[in-house]
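*Asks:*
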Amino acid sequence: MEINREFIINILANRYYQFLCSLPYHDQLYMKGIHEGKGKFLANLHIHLATRDLPKKWNDKRYSTDFVTPAALEILMNNSVNGLEYEHLIPKKKYIQDICEQKTIEGSLTEEFVKKIISQYLWTATVTTQEHKLLSRRVMPTDWDNKDIKARYVSAGITLLNHDKNYFK
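Just so you know, my numbering puts 73 at position 73 of the sequence shown, and the rest follows in order with no gaps.
1. Would you check if there are 3 or more beta carbon pairs closer than 8 angstroms linking the region 122-133 to the region 30-37?
2. To the nearest angstrom, how far is the alpha carbon of leucine 12 from that of glycine 157?
3. Specify the secondary structure class of threonine 124 as computed by DSSP and reduced to three states.
4. Is leucine 76 a contact residue of the ligand SAM, with contact defined as CB to any heavy atom under 7 angstroms?
5. Of the choices Thr65, Lys56, Leu23 and His26, whose alpha-carbon is the least far from that of isoleucine 8?
6. Shortest alpha-carbon distance to asparagine 14 belongs to which of Asp53, Pro70, Ser119 and Arg62?
7. Please name the residue or residues paired with glutamate 85 in a DSSP beta bridge.
8. May I ask which residues mark the beginning and end of the alpha helix (DSSP H) holding lysine 147?
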């Protein structure tokens with residue numbers, strides 16, 4: 001089962017760019033009202049796109065991730081998601097959303113920039129609840145090189161595998 005990452009990234013970049021550019025940042029009441037939706041727009045659309053073509057019995061966001069830990073894979077292969085968490089490898093608020101929003105406010109955001117930053121930093125993993133507790137929640141390690149997307153996991157001693165979805169058969 002191959003989900004086309006580039007196809008998803010292109011749609012995400014286009015719609016997220018359109019969404020951010022449509023917001024009236026100068027209207028404090030509007031921005032207060034949209035705050036939660038603004039924070040969830042990218043993640044919700046990503047989950048929708050990544051899961052929409054999954055087979056019915058495997059249609060859960062934890063089956064759609066890019067990476068998986070060995071322990072989580074064992075659970076998934078038994079068609080269960082109990083005790084599993086959906087995680088972003090790189091905290092999306094700080095490293096994607098805040099940057100894109102600032103560029104929008106400055107008037108310098110482009111769809112190409114959104115595509116580049118999403119391609120670079122929007123990666124997901126399925127981990128066990130115990131592994132999830134080992135991860136720093138909002139920041140990458142202080143010595144992060146801005147390239148190694150698995151740095152938070154390496155720092156926590158968590159092994160990630162490419163999430164090969166051949167078990168869907």
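All residues carry an ideal CB built from backbone N, CA and C; glycine is no exception.
*Replies:* Taking the coordinates as given:
1. no
2. The residue labelled residue 12 in the question sits at position 12 within the sequence shown. The residue labelled residue 157 in the question sits at position 157 within the sequence shown. Their backbone Cα atoms lie some 31 angstroms apart in a straight line.
3. Taking the first residue of the sequence shown as 1, we reach residue 124 at position 124. It is a strand residue.
4. Of ligands this structure carries none, so the ligand SAM is not represented either.
5. As a first step, residue 8 is located in the sequence shown; it is residue number 8 there, counting from the start. For the set Thr65, Lys56, Leu23 and His26, the Cα lying nearest the Cα of isoleucine 8 is the one of Thr65.
6. Start at 1 with the first residue of the sequence shown, and residue 14 comes out as number 14. Nearest to asparagine 14 by C-alpha distance, out of Asp53, Pro70, Ser119 and Arg62, is Ser119.
7. Walking along the sequence shown from the start, residue 85 turns up at place 85. Partner(s): Val127.
8. Taking the sequence shown and counting its residues from 1, one reaches residue 147 at position 147. Careful: lysine 147 lies outside any alpha helix (DSSP H) and carries neither H nor E.
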